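Asker: In the working numbering, the protein residues as written are 187 to 787.
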Ligand SMILES: [Zn+2]
Ligand SMILES: [Zn+2]
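(1) Starting from the N-terminal side, write out each stretch of the alpha helix (DSSP H) that is 4 residues or longer and does not extend beyond the segment 241-285.
(2) At 3 residues or longer, and completely inside the segment 434-503: list those beta strand (DSSP E) runs for me, N to C.
(3) Just to check my reading of the structure: residue 255 and residue 440 have Cβ atoms closer than 8 Å, yes? What is that Cβ distance to the nearest angstrom?
(4) From which residue to which residue does the alpha helix (DSSP H) around residue 692 run?
(5) Please state whether DSSP places residue 418 in a helix, a strand or coil.
(6) Distance, Cα to Cα, residue 572 vs residue 432?
(7) Below 8 Å between beta carbons: does that hold for residue 646 and residue 415?
(8) At 4 residues or longer, what runs of the alpha helix (DSSP H) sit wholly inside the segment 330-399?
(9) What whole-angstrom Cβ distance do residue 250 and residue 211 have, given they're in contact under 8 Å?
(10) Quick one: using the 10 Å Cβ neighbour count with 16 as the cut-off for buried, is residue 289 buried or exposed?
(11) Could I get the ranges of all uninterrupted beta strand (DSSP E) runs contained in the segment 583-607, with 3 residues as the minimum, in chain order?
(12) Whole angstroms is fine: what's the gap from residue 488's alpha carbon to residue 584's?
(13) Residue 325 by DSSP, collapsed to three states: which one?
(14) Please name the residue in 633, 216, 221 whose C-alpha comes closest to that of residue 509.
(15) Do residue 680 and residue 536 have their C-beta atoms within less than 8 Å of each other?
(16) Classify residue 627 as buried or exposed, calling it buried when 16 or more other Cβ atoms lie within 10 Å of its own Cβ.
(17) What does the alpha-carbon distance come out to for the pair residue 742 and residue 731?
(18) Using three-state DSSP, classify residue 299 as helix, strand or coil.
(19) Give a yes or no on whether the C-beta atoms belonging to residue 692 and residue 735 are separated by under 8 Å.
(20) So, does the segment 373-381 touch the segment 282-296, judging by three or more C-beta pairs under 8 Å?
(21) Mind checking which residues open and close the beta strand (DSSP E) that includes residue 760?
(22) When you compare the CB positions of residue 465 and residue 343, do they come within less than 8 Å of one another, or not?
(23) For a test of your reading of the model: does the CB of residue 771 fall under 7 Å from any non-hydrogen atom of ligand 1? Yes or no.
(24) Which first and last residues belong to the beta strand (DSSP E) in which residue 218 is found?
(25) Does the beta-carbon of residue 726, which I'm using as the reference point, lie nearer than 7 Å to any heavy atom of ligand 2?
(26) Please name the residue in 543, 330, 604, 325 whose C-alpha comes closest to that of residue 470.
(27) Checking the sheet assignment: what are the DSSP bridge partners for residue 681?
(28) Please enumerate, following chain order, all residues with a beta carbon closer than 5 Å to at least one heavy atom belonging to ligand 1.
(29) Please find out if some non-hydrogen atom of ligand 2 comes closer than 7 Å to the beta-carbon of residue 538.
(30) Spatial neighbours of residue 319 within its chain, please: CB distance less than 8 Å, with the 5 preceding and 5 following residues excluded, ordered by chain position.
(31) Which term fits residue 621, buried or exposed, when burial requires 16 or more other beta carbons within 10 angstroms of its beta carbon?
(32) To the nearest angstrom, report how far apart residue 762 and residue 482 are at their CA atoms.
(33) CA-CA distance, residue 461 and residue 213?
(34) Can residue 569 and residue 524 be called in contact, C-beta distance under 8 Å?
(35) Short of 7 Å in beta carbon distance, which residues of its chain neighbour residue 243, apart from the five on each side in sequence? Order them along the chain.
(36) Could you check whether the Cβ of residue 541 sits closer than 7 Å to any heavy atom belonging to ligand 2?
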């Protein structure tokens with residue numbers, strides 16, 4: 187008799203009869219509610235056999251891909267991410283991964299080509315979690331050495347990338363290893379086969395995005411997470427696990443190691459290092475790149491361009507170098523407003539402000555164009571005006587300043603091929619100044635760029651996001667280090683109006699930023715000193731259920747939102763709470779309502 191749980195949002199396990207022993211962690215097919223369903227075997231059932239038990243239909247994994255360590259992991263996930271264990275196991279090993287992999291061949295090992303550094307700091311013996319930051323070359327050399335150590339000791343490596351297309355930039359350090367990509371573009375049967383080969387020791391390295399963190403690693407393995415601050419590492423659907431948390435838990439359960447590399451540490455990572463839960467390894471910078479903060483309140487500013495920035499553009503152009511200016515505000519003007527009644531034109535679909543692009547208004551989120559109205563839709567007067575400086579207006583100002591030079595802006599409504607054309611033009615050197623939105627990441631060759639300027643470093647700070655300062659800090663420091671890494675002939679500038687201290691800290695890597703953030707977060711109970719949860723209640727009795735729930739959890743939480751919010755998606759309500767990060771938190775079943783809990787990050 188075996189105990190299984192099903193990949194359904196129901197808590198608890200079910201017992202079935204099996205003629206042969208089924209190892210824990212194997213998937214089986216069982217009859218359930220008049221249908222066939224896949225189930226995860228948890229082991230032998232303890233309770234006394236009952237007459238009415240049904241028989242399992244089939245064993246899917248002869249050798250389980252879910253090890254005892256991962257069964258423990260599923261228990262941890264159940265608690266940590268407020269999900270039934272069956273749903274956690276479904277994330278660990280999705281039900282569709284099965285079958286015979288026809289025409290499947292493991293890729294041949296690539297030759298090892300990377301030119302690596304010899305002198306590197308050692309991997310700290312403990313703690314088992316390590317954050318590595320520094321130039322790309324430094325990170326790669328460090329990772330290669332640690333992978334060699336692990337693999338020569340018969341361990342295996344999970345190599346995580348934020349997006350699959352970033353895997354190719356690490357190909358050079360994977361040379362000589364038996365490595366396979368674990369992408370969602372592969373057939374489920376091929377992915378299943380890769381997991382089997384990895385578990386069986388036929389592969390040394392598995393490369394994939396966040397879901398690869400659940401690959402069958404075995405004892406004393408190594409989990410590597412590149413681009414560690416990218417938000418693709420947080421699962422978007424329930425259970426919303428954090429890849430980093432899962433990786434650390436797995437390393438702990440399997441006597442393995444976890445190395446995350448990327449730019450500056452997040453506030454939580456810094457705190458973990460401070461508390462001894464992780465170690466930080468940084469590259470010593472030989473020649474710090476030139477970085478400037480421009481306080482817009484202390485400068486004369488024209489069309490969003492400060493006099494200091496103008497001076498720097500001029501000297502870059504004089505040295506026959508290019509300048510790239512980053513502004514997230516597309517269009518000519520950023521909004522279209524009635525000067526009489528202050529009415530602002532907004533997108534009908536999403537409610538965002540429309541920017542002015544040519545003779546149209548444009549929603550950059552919905553990619554929708556509407557014609558410019560002649561009269562104000564509210565007061566009917568002919569008083570509609572442009573407001574705010576978009577990239578187009580900025581470009582026209584700079585063209586007047588530098589009439590000899592070739593200056594362009596990426597339009598708000600530029601298509602993918604428009605963008606491709608303009609970035610290629612820039613890379614070829616056919617443009618002197620380019621004002622771009624976030625698409626500038628497509629530029630690979632920065633050798634002719636002498637100046638990179640962030641026109642508005644504050645733009646993330648205007649919302650009510652409690653993590654906005656951290657996001658700004660991480661964004662600016664990663665931008666600055668990826669642009670000017672190892673170069674002394676280039677300048678990185680950031681213009682700011684409301685946060686000169688924050689921007690200065692980001693550009694200089696000043697650690698006092700973290701201490702300040704921790705002070706504020708401790709005081710107002712934000713992560714890492716609290717976990718913020720959104721409890722979503724739906725169903726016909728949602729409001730009564732919410733009332734009861736509030737009374738139940740009142741004493742178990744640090745803070746309770748004063749009123750229920752209508753939940754965004756389903757019919758129902760949402761309660762926001764803060765809980766002690768070290769305490770267990772559970773909600774009892776409520777009749778007539780379904781409850782899901784998501785962590786706000
Ligand atoms: Zn009006
Ligand atoms: Zn819209």
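Ideal placement from N, C-alpha and C gives every residue a C-beta, glycine not left out. Predicted, not measured: the structure shown is a model, and the values here were computed from it.
Answerer: Considering the structure as presented:
(1) 254-266, 271-278
(2) 443-448, 465-468, 476-481
(3) 5 Å
(4) 686-694
(5) helix
(6) 49 Å
(7) no
(8) 357-360, 374-385
(9) 3 Å
(10) exposed
(11) 593-595
(12) 10 Å
(13) helix
(14) 633
(15) no
(16) exposed
(17) 17 Å
(18) coil
(19) no
(20) yes
(21) 758-765
(22) no
(23) no
(24) 213-218
(25) no
(26) 325
(27) 480
(28) 524, 526, 527, 529, 562, 564, 565
(29) yes
(30) 325, 447, 448, 449, 450, 451, 466, 467, 468, 469
(31) buried
(32) 37 Å
(33) 39 Å
(34) yes
(35) 215, 216, 217, 222
(36) no
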